[in-house]
Amino acid sequence: MATSPSNFHSRLETPQRWTKRGQKRPISLRSAQAAYGLGHRLNSDMVSKISGNKVGYRTMQGRRARAERQGGKALLWAVVGGVALSSTPMMAEDLHTSRFGLYGSAGLLDMPTAETAPDGQLSLSHTRFGPVRRTTLAFQILPRLSGSLSYSGTDNLTDEFDVYWDRTFDLSYQLFDEGTYRPAVSIGLRDLMGTSLLGSEYIVATKSVGERLRVTGGLGWGRLATQSDLGFSIGNRDGDLRDTGGTLNFDQWFRGPVGAFGGVSYDLNDKLTVLAEYSSDAYLAETERGIVTHNSPFNVGLSYHITPHITATASYLYGDMFGFGITGFLNPKTPAVKGGLETAPTPVMQRPSRSADALGWSGAWIEDGTDAPAIRKALAGAMAKEGLELEAMSLTATRAEVRFNNTRFAARAEALGRLSRLMSRAFPPSVETFVMTEVVEGVPTQSTIVPRTGVERLEFEPAGKMLAVTQFADPRALPSDPLVRLEDVYPRLHWSVSPYLTASVFDPESPLRADIGLRGKVNYELMPGLSLRASTSVRLSGNIADEDVSVDDTTLPPVRSEAPYYSNQVQLENLTANWYGHPAENIFTRASVGYLERMYGGVSGEVLWKKSASRLALGAEVNYALKRDFDDLFGFGDYDIVTGHVSGYYDMGNGFHGQVDVGRYLAGDWGATFSVDREFNNGWQVGAYATLTDVPFDEFGEGSFDKGIRISMPSDWFAGTPTTERNDFLLQSLTRDGGARLNVQGRLYERIRGTQQPEIEDRWGRYWR
Amino acid sequence: MKQRKMTRLAVALAVFGLSFGLMGCGNDQSAKRASATIKDLSSMAVEKLGGKGKAAPPVDPRVSIETTMREIPGVPLQFVMQEKTSAYAVTSIYGQNGSVVTWVGADRKTTSLDRGVLTATRGFGNDLMSVEDGGAVRLITTKQAGTVTKTYRFLDGLERTTRLTLTCAITPGETQSVTSGEISTSARIVRETCQTATGGFSFTNTYWIDAGGRMVQSVQWASAEIGQLVFRRLR
Numbered sequence: 003m004a005t006s007p008s009n010f011h012s013r014l015e016t017p018q019r020w021t022k023r024g025q026k027r028p029i030s031l032r033s034a035q036a037a038y039g040l041g042h043r044l045n046s047d048m049v050s051k052i053s054g055n056k057v058g059y060r061t062m063q064g065r066r067a068r069a070e071r072q073g074g075k076a077l078l079w080a081v082v083g084g085v086a087l088s089s090t091p092m093m094a095e096d097l098h099t100s101r102f103g104l105y106g107s108a109g110l111l112d113m114p115t116a117e118t119a120p121d122g123q124l125s126l127s128h129t130r131f132g133p134v135r136r137t138t139l140a141f142q143i144l145p146r147l148s149g150s151l152s153y154s155g156t157d158n159l160t161d162e163f164d165v166y167w168d169r170t171f172d173l174s175y176q177l178f179d180e181g182t183y184r185p186a187v188s189i190g191l192r193d194l195m196g197t198s199l200l201g202s203e204y205i206v207a208t209k210s211v212g213e214r215l216r217v218t219g220g221l222g223w224g225r226l227a228t229q230s231d232l233g234f235s236i237g238n239r240d241g242d243l244r245d246t247g248g249t250l251n252f253d254q255w256f257r258g259p260v261g262a263f264g265g266v267s268y269d270l271n272d273k274l275t276v277l278a279e280y281s282s283d284a285y286l287a288e289t290e291r292g293i294v295t296h297n298s299p300f301n302v303g304l305s306y307h308i309t310p311h312i313t314a315t316a317s318y319l320y321g322d323m324f325g326f327g328i329t330g331f332l333n334p335k336t337p338a339v340k341g342g343l344e345t346a347p348t349p350v351m352q353r354p355s356r357s358a359d360a361l362g363w364s365g366a367w368i369e370d371g372t373d374a375p376a377i378r379k380a381l382a383g384a385m386a387k388e389g390l391e392l393e394a395m396s397l398t399a400t401r402a403e404v405r406f407n408n409t410r411f412a413a414r415a416e417a418l419g420r421l422s423r424l425m426s427r428a429f430p431p432s433v434e435t436f437v438m439t440e441v442v443e444g445v446p447t448q449s450t451i452v453p454r455t456g457v458e459r460l461e462f463e464p465a466g467k468m469l470a471v472t473q474f475a476d477p478r479a480l481p482s483d484p485l486v487r488l489e490d491v492y493p494r495l496h497w498s499v500s501p502y503l504t505a506s507v508f509d510p511e512s513p514l515r516a517d518i519g520l521r522g523k524v525n526y527e528l529m530p531g532l533s534l535r536a537s538t539s540v541r542l543s544g545n546i547a548d549e550d551v552s553v554d555d556t557t558l559p560p561v562r563s564e565a566p567y568y569s570n571q572v573q574l575e576n577l578t579a580n581w582y583g584h585p586a587e588n589i590f591t592r593a594s595v596g597y598l599e600r601m602y603g604g605v606s607g608e609v610l611w612k613k614s615a616s617r618l619a620l621g622a623e624v625n626y627a628l629k630r631d632f633d634d635l636f637g638f639g640d641y642d643i644v645t646g647h648v649s650g651y652y653d654m655g656n657g658f659h660g661q662v663d664v665g666r667y668l669a670g671d672w673g674a675t676f677s678v679d680r681e682f683n684n685g686w687q688v689g690a691y692a693t694l695t696d697v698p699f700d701e702f703g704e705g706s707f708d709k710g711i712r713i714s715m716p717s718d719w720f721a722g723t724p725t726t727e728r729n730d731f732l733l734q735s736l737t738r739d740g741g742a743r744l745n746v747q748g749r750l751y752e753r754i755r756g757t758q759q760p761e762i763e764d765r766w767g768r769y770w771r
Numbered sequence: 075m076k077q078r079k080m081t082r083l084a085v086a087l088a089v090f091g092l093s094f095g096l097m098g099c100g101n102d103q104s105a106k107r108a109s110a111t112i113k114d115l116s117s118m119a120v121e122k123l124g125g126k127g128k129a130a131p132p133v134d135p136r137v138s139i140e141t142t143m144r145e146i147p148g149v150p151l152q153f154v155m156q157e158k159t160s161a162y163a164v165t166s167i168y169g170q171n172g173s174v175v176t177w178v179g180a181d182r183k184t185t186s187l188d189r190g191v192l193t194a195t196r197g198f199g200n201d202l203m204s205v206e207d208g209g210a211v212r213l214i215t216t217k218q219a220g221t222v223t224k225t226y227r228f229l230d231g232l233e234r235t236t237r238l239t240l241t242c243a244i245t246p247g248e249t250q251s252v253t254s255g256e257i258s259t260s261a262r263i264v265r266e267t268c269q270t271a272t273g274g275f276s277f278t279n280t281y282w283i284d285a286g287g288r289m290v291q292s293v294q295w296a297s298a299e300i301g302q303l304v305f306r307r308l309r
């Protein structure tokens with residue numbers, strides 16, 4: 003007899019083979035010890051006890067021994083990691099280094115080299131020598147281009163300060179890598195936007211000789227031409243320090259006297275390297291102040307890899323000072339676990355044959371009308387276990403659409419793969435088309451359409467084959483069957499209370515300030531698209547509020563410089579009503595009203611044109627902002643402004659993403675913000691932005707214009723378990739009043755983009771994960 | 075004048091915010107995940123730091139096997155052990171797709187075997203995503219000699235699919251008696267030796283197949299990180 007269609011939903015609970023004696027419960031496999039994860043150590047004695055046939059085990063042991071002889075894990079890594087390279091001979095290896103100099107970038111000690119870090123690598127260094135301490139964040143932006151941001155403090159460099167702090171930005175570009183006889187050559191700029199205190203430029207060549215020795219020689223300008231002037235100059239170099247810094251001082255680059263430097267590094271073994279260099283930096287300013295005694299241009303050092311990711315360097319410099327440095331490396335390309343640690347998905351269920359379930363295949367079951375509610379309930383329950391919230395469902399004899407909210411998977415393809423498996427278990431056999439539509443903020447943003455036959459047939463095939471039979475569509479462009487909402491989805495209340503840590507670094511008065519406290523968040527969704535959000539923080543301890551408010555003689559209204567006043571013990575961070583919409587194909591909207599951010603309240607409206615398949619997206623945002631009172635939690639001050647931007651977003655397709663926002667900023671200044679991010683497929687983003695407005699540089703104050711570096715780290719990269727959570731890290735110049743934007747929560751672009759086809763396809767390998 | 079410049083120069087500030095969900099509470103999934111993330115990380119740390127010393131006394135796998143067999147009568151069971159870590163599980167059938175059977179343990183890790191030959195793992199981390207066997211399964215299960223090209227697929231750190239293509243020589247060998255759980259049979263050993271084109275990397279899978287064509291025992295390579303898995307049918 004045919005299976006009764008109303009039984010389809012029951013398959014979701016557990017595969018039937020798991021039930022015993024008719025009970026609807028999974029096999030307990032109760033000895034909880036029976037888990038891979040528990041890592042029980044077996045001794046060979048026990049193995050022989052469990053192994054009725056000892057031969058099998060011996061065979062395996064022998065194999066392990068052989069693998070170890072072959073170089074063990076390292077070899078396996080190299081082999082699998084190098085799959086793509088296997089067709090090319092492993093000849094001229096890139097001149098990489100995982101040992102940085104005193105500037106926190108590729109170098110010997112004080113002198114640069116032409117080496118590079120592996121592509122995408124991030125590093126954080128701290129070095130100390132003599133009166134100098136320096137902290138550097140470096141990033142290998144491209145295989146040949148690296149950038150580093152340093153914060154250096156020098157004791158007693160001036161009369162006014164005990165420690166003179168300076169921020170510098172350096173760039174280095176490798177013109178070509180080394181060949182059999184040719185050295186690698188790099189060109190570099192140190193402190194290219196700064197005050198010229200550390201300003202220098204160089205061209206440097208490095209050649210490896212054998213496996214262990216690397217020889218470096220180069221020409222330097224600026225600071226790097228103060229020791230051994232070669233006796234000729236290229237143009238004139240104006241030695242004065244610049245006013246406010248922060249702008250490109252390209253009229254100085256490669257000008258003035260030319261100096262020569264060089265050195266060698268020699269690897270004593272895998273971990274230990276000796277370094278020696280001839281420095282062309284005479285430390286003129288420091289010697290003049292009497293804080294450095296320059297006895298010799300020769301520096302020597304010893305570098306040690308504490309772990310593959312941490313390197314320490316000790317040095318003796320200029321015949322007078324001892325130096326010490328430590329560098330930590332991290333590469334976004336190498337997560338804790340590839341493909342994640344989450345538990346296995348539920349397998350696809352194959353449909354019974356037509357003869358075994360004639361009714362189910364005929365589609366006649368739909369006439370009855372009683373199956374859909376039971377299927378909805380069972381599917382919602384199974385989806386909830388995968389972190390997917392079923393919001394609405396439509397069902398005809400041949401097609402089912404599921405609208406869902408994804409709360410777990412940053413890799414959308416994995417959410418889709420798991421959902422399609424559950425759907426294969428939920429729907430009667432005549433349902434051939436599965437439509438999975440993700441809902442964000444109550445708004446359907448992307449539909450993915452898969453044939454059920456494909457899901458059944460391709461479960462153990464490469465993910466690419468599944469992609470070939472998958473279609474994508476804007477939910478608005480897709481003819482939809484009548485959707486039935488799940489009654490208990492709206493209104494929906496999400497809340498959380500969690501501790502927070504906010505740190506403020508680089509304040510010269512106190513290099514590290516931090517606040518810790520509790521933050522409560524509430525999101526109450528009244529109906530699809532309409533929500534009330536609030537976030538409140540209570541500071542338990544901290545000293546960020548002690549920062550001085552820098553009152554400058556600028557003519558700009560204090561739209562951001564008063565930020566420290568707003569660092570209250572109890573802070574209503576935002577309280578808004580938000581309305582999201584998707585009124586037409588590719589068009590998304592947002593309207594927010596209330597306390598938009600710490601310092602401003604008002605009304606904010608946004609429209610975004612984001613076509614799934616297009617690299618370009620356009621947006622516009624208009625806000626009416628009222629400055630809030632810093633004493634009264636709910637009060638407003640007397641400053642108000644209409645501010646807004648027109649934005650262009652462009653996915654360059656090579657891992658880079660650009661954004662331009664043109665408009666009016668909070669202080670009434672007009673201008674544009676330019677941002678570029680390098681985006682890694684696994685969710686890492688490393689980028690920089692700069693805002694140029696009609697506020698003159700000298701009026702803007704320190705830094706000349708607003709700019710910063712941002713890093714966004716996906717939490718699942720660290721933990722290996724799926725989560726959409728991210729940690730954002732923003733390093734920006736002193737908060738000033740020019741080029742300041744309203745910090746509205748819930749902007750559209752990233753939310754919509756993250757759910758759309760290109761992002762799904764980027765991580766498609768996870769479909770069957 | 076110069077000193078005023080210095081004042082301005084020296085003022086530099088950057089703020090970063092890092093919120094984390096340690097001990098957070100609420101019904102918000104993302105906040106829950108955050109605390110779960112911390113939990114995962116701390117357990118990983120505990121495992122790394124104090125793993126061996128603090129680990130619960132090892133449970134004899136025989137006990138686990140016997141308990142499971144007693145508790146769950148009448149269904150196929152398979153013992154799986156990860157050679158590298160000696161972690162093990164007793165698994166039962168979770169799903170079947172054509173000739174591929176997926177086995178699951180209590181920890182929800184799965185291994186998928188096509189007529190006994192490993193084709194996918196899930197939940198181990200660094201999983202084997204799929205295998206194109208190039209005809210290997212047919213040769214192995216019919217105990218015939220031959221050479222095939224196999225392609226193993228994995229995810230890399232950027233979540234792209236990577237391929238490892240190997241040439242595998244399949245050679246049937248001697249017959250042995252195998253006793254495992256309720257199974258007591260005589261099985262033919264088939265060895266499959268795979269290596270990359272450059273010969274830089276290789277492994278050998280070993281299969282024990284009984285007269286009925288059933289894979290009663292095997293030792294199979296899954297991925298560089300997972301290493302070899304040992305499978306033993308119990309029933």
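Residue numbers (this note's numbering), protein chains in the order written: chain A, 3 to 771; chain B, 75 to 309.
All C-beta atoms in this analysis are idealised placements derived from N, C-alpha and C, irrespective of residue type, glycine included.
All values reported here derive from a predicted model rather than from experimental measurement.
With a threshold of 8 Å between beta carbons, is T345(A) in contact with chain B?
If you number the first sequence from 1, residue 345(A) lands on position 343. Closer than 8 Å: yes.
Give the single residue among T208(A), R768(A), R592(A) and N683(A) whose Cα lies nearest to the Cα of E443(A).
Working through the first sequence from its first residue, we reach residue 443(A) at position 441. Answer by Cα proximity: R592(A).
Check whether the Cβ of V174(B) lies closer than 8 Å to any Cβ atom in chain A.
Taking the first residue of the second sequence as 1, we reach residue 174(B) at position 100. By this cut-off, V174(B) is an interface position.
Helix, strand or coil: how does DSSP classify R666(A) here?
In the first sequence, the residue the question calls residue 666(A) occupies position 664. R666(A) falls in the strand class under three-state DSSP.
Check the DSSP bridge columns for Y74(B) and list the partner residues they point to.
A query on residue 74(B) cannot be resolved here, the shown segment of chain B reaching from 75 to 309 and no further.
Between L124(A), A316(A), A742(A) and E763(A), which has its C-alpha nearest V561(A)'s C-alpha?
Translated into positions along the first sequence, residue 561(A) becomes position 559. Among L124(A), A316(A), A742(A) and E763(A), the Cα nearest to that of V561(A) is on A742(A).
Pull up the CB-CB distance for Y318(A) and L274(A), whole angstroms please, since I reckon it's below 8 Å.
For the purposes of this step, residue 318(A) is taken as the residue at position 316 of the first sequence. For the purposes of this step, residue 274(A) is taken as the residue at position 272 of the first sequence. Actually they are not in contact, since the Cβ atoms of Y318(A) and L274(A) sit about 16 Å apart, beyond 8 Å.
Which whole-angstrom value is the C-beta distance of R216(A) and S281(A), which I expect to be below 8 Å?
What you label residue 216(A) is simply residue 214 of the first sequence in a count that begins at 1. What you label residue 281(A) is simply residue 279 of the first sequence in a count that begins at 1. Not quite, the Cβ-Cβ distance comes to about 17 Å (not below 8 Å), so this is no contact.
Rank G330(A), M654(A) and T695(A) by C-alpha distance to the C-alpha of T313(A) and give the top, closest one.
To locate residue 313(A), count along the first sequence from 1; it is residue 311. The candidate whose alpha carbon is nearest that of T313(A) is G330(A).
Excluding sequence positions up to five away, which residues of its chain have a Cβ less than 6 Å from the Cβ of L734(A)?
Here residue 734(A) refers to the residue found at position 732 of the first sequence. Before going on, a small fix: residue 734(A) reads as Gln here, not Leu. Within the same chain, Q734(A) has close Cβ partners G710.
With a threshold of 6 Å on Cβ separation, who are the neighbours of P133(A) within its own chain once the five nearest residues in sequence on each side are excluded?
Residue numbering aside, residue 133(A) sits at position 131 when the first sequence is read from its first letter. Only T156, D157 and I293 meet the Cβ criterion.
Under 8 Å between the Cβ atoms of N580(A) and Y597(A)?
Counting from one through the first sequence, the residue named residue 580(A) turns up at place 578. Counting from one through the first sequence, the residue named residue 597(A) turns up at place 595. Their beta carbons are not under 8 Å apart, which means N580(A) does not touch Y597(A) by this criterion.
Counting only the same chain and skipping the five closest in sequence on each side, list residues whose C-beta sits under 8 Å from that of T723(A).
Translated into the one-based positions of the first sequence, residue 723(A) becomes position 721. Excluding residues within five positions, the ones whose Cβ falls inside 8 Å are G342, L343 and E344.
Among T439(A), A415(A), P453(A) and L421(A), which residue has its Cα nearest to the Cα of P431(A)?
Numbered from its first residue, the first sequence carries residue 431(A) at position 429. Checked all of T439(A), A415(A), P453(A) and L421(A); the closest Cα to P431(A) is P453(A).
Would you verify that the beta carbon of G740(A) is, or is not, closer than 8 Å to some beta carbon of chain B?
Within the first sequence, residue 740(A) is the residue found at index 738, counting from 1. False, the Cβ-Cβ gap to chain B never drops below 8 Å.
Just checking, does the segment 517-524 of chain A make contact with the segment 474-493 of chain A on the three C-beta pairs under 8 Å criterion?
The segment 517-524 of chain A, when compared against the segment 474-493 of chain A, does not touch it at the 8 Å Cβ threshold.
Helix, strand or coil for L460(A) per DSSP?
In the first sequence, residue 460(A) corresponds to position 458, counting from 1. Three-state result, L460(A): coil.
Within 8 Å (strictly less), CB to CB, does V120(B) reach chain A?
The count along the second sequence starts at 1 and reaches residue 120(B) at position 46. Any reading at V120(B) needs caution, since the residue's pLDDT is 48, under 50, leaving its predicted position unreliable; the model's value is listed next. Taking Cβ atoms only, chain A never reaches closer than 8 Å to V120(B), which makes this a no.
Could you tell me how far apart the beta carbons of S369(B) and N200(B) are, in whole angstroms, since I believe they sit closer than 8 Å?
Because chain B in this structure spans residues 75 to 309, residue 369(B) falls outside the shown range and cannot be described.
Of all Cβ atoms in chain B, is any one closer than 8 Å to the Cβ of G689(A)?
As a working note, residue 689(A) is residue 687 in the first sequence. With 8 Å as the cut-off, G689(A) does not count as an interface residue toward chain B.
Starting from the beta carbon of V339(A), find every residue of chain B whose beta carbon is closer than 7 Å, and list them in chain order.
Walking along the first sequence from the start, residue 339(A) turns up at place 337. Chain B residues near V339(A): G199 and N200.
Going by DSSP, what residue range makes up the beta strand (DSSP E) through V572(A)?
If you number the first sequence from 1, residue 572(A) lands on position 570. From DSSP, the beta strand (DSSP E) with V572(A) extends over V572 to A586.
Roughly how many angstroms lie between the CA atoms of G583(A) and L750(A), to the nearest whole one?
As a first step, residue 583(A) is located in the first sequence; it is residue number 581 there, counting from the start. As a first step, residue 750(A) is located in the first sequence; it is residue number 748 there, counting from the start. C-alpha separation (whole angstroms): 10 Å.
For M203(B), would you say it is in contact with chain A, using Cβ-to-Cβ distances shorter than 8 Å as the test?
Here residue 203(B) is taken as the residue at index 129 of the second sequence, counted from 1. By this cut-off, M203(B) is an interface position.
Measure the Cβ-Cβ separation of P185(A) and A262(A) and say whether it is below 8 Å.
The sequence position of residue 185(A) within the first sequence is 183, counting from 1. The sequence position of residue 262(A) within the first sequence is 260, counting from 1. In this structure, A262(A) does not lie closer than 8 Å to P185(A) by Cβ.
List the endpoints of the continuous alpha helix (DSSP H) containing W367(A).
For the purposes of this step, residue 367(A) is identified with residue 365 of the first sequence, where counting begins at 1. From DSSP, the alpha helix (DSSP H) with W367(A) extends over W367 to D370.
Among L202(B), V175(B) and M203(B), which residue has its Cα nearest to the Cα of G190(B)?
Position 116 of the second sequence, counting from 1, holds the residue named residue 190(B). Comparing Cα positions, the closest option is V175(B).
Examine the Cβ distances between the segment 568-575 of chain A and the segment 602-612 of chain A and report whether three or more of them are shorter than 8 Å.
Because the criterion of three Cβ pairs below 8 Å is not met, the segment 568-575 of chain A and the segment 602-612 of chain A do not touch.
Kindly list the residues whose CB is nearer than 6 Å to the CB of Q758(A), restricted to its own chain and excluding five residues on each side of it in sequence; keep chain order.
Working through the first sequence from its first residue, we reach residue 758(A) at position 756. Result list for Q758(A): Q448 and S614, in chain order.
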